[in-house]
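Residue numbers (my numbering): 174 to 527. Where is the CB? At the ideal position from N, CA and C, for every residue including glycine. Working notes, beginning with the structure itself.
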Amino acid sequence: MKKLLAMILAITMLLTLGACGEKEKESAPDNILKIGKCEALYKGSEIVKDSDGEDAIVINFDFTNNGDDVKSFEWAYYYNVFQEGVGLQYAVVWVSEDSYDTRDESMSTEVQPGNTIPVSMTYKLNSLTAPVEIEVTDLLQEEKDILSIDLTTATWNNSDSADTTEAPETDAPETEITGDIDADWWLGDWYGVWTVVNGTGEYEDLAMGTWDCCGYINKTDDGDYFLSIWDEDYNDYNNNCLAETALTLKTEYAYGEHGAMQTTDDGGNYFWTGSLDSTSWYIDPALLDYKDTFVVYSELTDENGDTCEYMITLCKWGCDWDESAGAYPEYYDSYFLPLMQEGAELPAVFEPNN
């Protein structure tokens with residue numbers, strides 16, 4: 174209702190004042206939505222269950238009124254939230270199970286000039302992997318700002334996929350890293366397991382299936398990185414891989430000393446039956462805080478339109494498996510562990526039964 178009133182007010186003001194040109198907007202950091210003299214500092218997001226039991230996102234901000242008049246977030250901005258170009262529906266998210274207070278009530282809280290309050294917006298999700306984009310304007314739509322949220326950086330609270338498997342919970346610190354990045358941590362051999370979390374079409378019957386796998390990351394001549402993954406079926410690092418993709422090191426908004434890795438738009442990147450681009454994988458080990466381990470959680474769509482949600486968990490070769498990262502690989506005791514204890518290299522051909 175308040176949003177409708179804001180739209181009516183905007184139309185009325187437009188008819189009164191006439192059309193105005195779009196103002197040139199001062200550049201703001203990527204994690205701040207700035208319209209006029211009001212700012213909303215992005216503080217992170219949570220994936221939860223809403224009152225209907227459906228997956229929803231809670232997007233948290235610190236809203237600051239630097240203007241001359243009392244303002245609420247709802248009246249400072251006209252906003253829309255999208256996922257894959259489609260507007261998301263409002264979600265009712267309770268503060269707690271025994272409360273009828275909603276997480277987004279602070280959106281309408283009035284703030285005097287010079288003050289800051291935490292606010293949250295809540296929306297139903299169409300996908301657990303596609304980025305969420307927030308677009309804000311002033312009521313006259315003279316200014317515009319956009320914030321994009323990668324769901325791999327969100328905290329998961331009691332949310333799951335269409336199956337009953339929960340996405341990995343995160344425990345990220347509130348501040349980003351400072352100082353030097355240990356980028357060499359990523360290089361070398363990895364071992365682990367990958368899982369089909371959920372799927373449609375030909376992937377539906379594979380849900381909850383797991384396969385042990387091997388990985389290798391090297392640095393390319395252009396300064397980026399390249400990851401290869403092979404398993405029992407796609408078992409040859411040199412000739413037949415499950416996945417091959419270029420990665421680029423990200424330091425801004427990364428939370429740990431190793432930075433983060435993101436897939437690139439270089440042609441030829443793929444995982445299994447789907448292609449990869451810069452929106453496919455964002456990997457920040459510190460978000461999960463598993464020892465010597467990183468996790469990929471993503472979704473692919475094949476040439477037939479069938480979809481598959483999957484998770485890849487890789488541990489550094491030579492390091493013990495972290496139990497908190499999930500079940501041990503099937504061949505951990507019989508294959509991986511004996512090789513590591515011998516000081517052997519990760520095999521280029523994965524044949525655990527030979």
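CA-to-CA distance, residue j to residue i, given in whole angstroms
i	j	result
isoleucine 456	lysine 216	19 Å
glutamate 503	aspartate 493	14 Å
glycine 382	glycine 374	15 Å
threonine 351	glutamate 476	With a pLDDT of 39 at threonine 351, under the threshold of 50, the predicted position of this residue should be treated as unreliable, though the coordinate-derived value follows. Near 42 Å, if we compare the C-alpha coordinates of glutamate 476 and threonine 351.
isoleucine 485	aspartate 277	34 Å
phenylalanine 523	tryptophan 367	14 Å
glycine 441	alanine 416	10 Å
glycine 361	leucine 461	21 Å
isoleucine 290	tryptophan 248	15 Å
glutamate 496	aspartate 323	26 Å
leucine 214	isoleucine 232	11 Å
glycine 365	threonine 418	17 Å
aspartate 223	proline 525	44 Å
proline 511	cysteine 211	60 Å
glutamate 518	proline 458	23 Å
proline 286	aspartate 394	52 Å
tyrosine 273	methionine 280	16 Å
Endpoints, beta strand (DSSP E) assigned at residue i
i	result
leucine 420	416-423
leucine 473	466-474
phenylalanine 246	First-last for phenylalanine 246: 246-249, but that is the alpha helix (DSSP H), not the beta strand (DSSP E).
leucine 206	205-208
threonine 289	288-297
serine 453	Here serine 453 belongs to no beta strand (DSSP E), and DSSP marks it neither H nor E.
alanine 433	433-436
Proximity winner among the options, relative to residue i (alpha-carbon distances)
i	options	result
alanine 521	Leu320, Tyr407, Glu212 and Tyr483	Tyr407
threonine 325	Ala419, Glu219, Leu400 and Gly516	Glu219
alanine 356	Glu482, Thr295, Gly396 and Ile322	Gly396
valine 292	Asn330, Gly365, Ile319 and Tyr250	Tyr250
tryptophan 363	Val369, Ser401 and Gly432	Ser401
alanine 264	Asn238, Ser279 and Gly226	Gly226
valine 309	Asp242, Ala303 and Ile208	Ile208
lysine 392	Asp378, Met434, Val369 and Gly429	Met434
Residue range of the unbroken alpha helix (DSSP H) whose run includes residue i
i	result
leucine 512	510-514
Rounded Cβ spacing between residue i and residue j (contact assumed at less than 8 Å)
i	j	result
threonine 437	leucine 422	Threonine 437 to leucine 422, Cβ: 11 Å. No contact.
glutamate 430	isoleucine 354	7 Å
Exercise for review: Would you be able to state if there are at least three C-beta pairs under 8 Å between the stretch 314-321 and the stretch 254-261?
Suggested key: no
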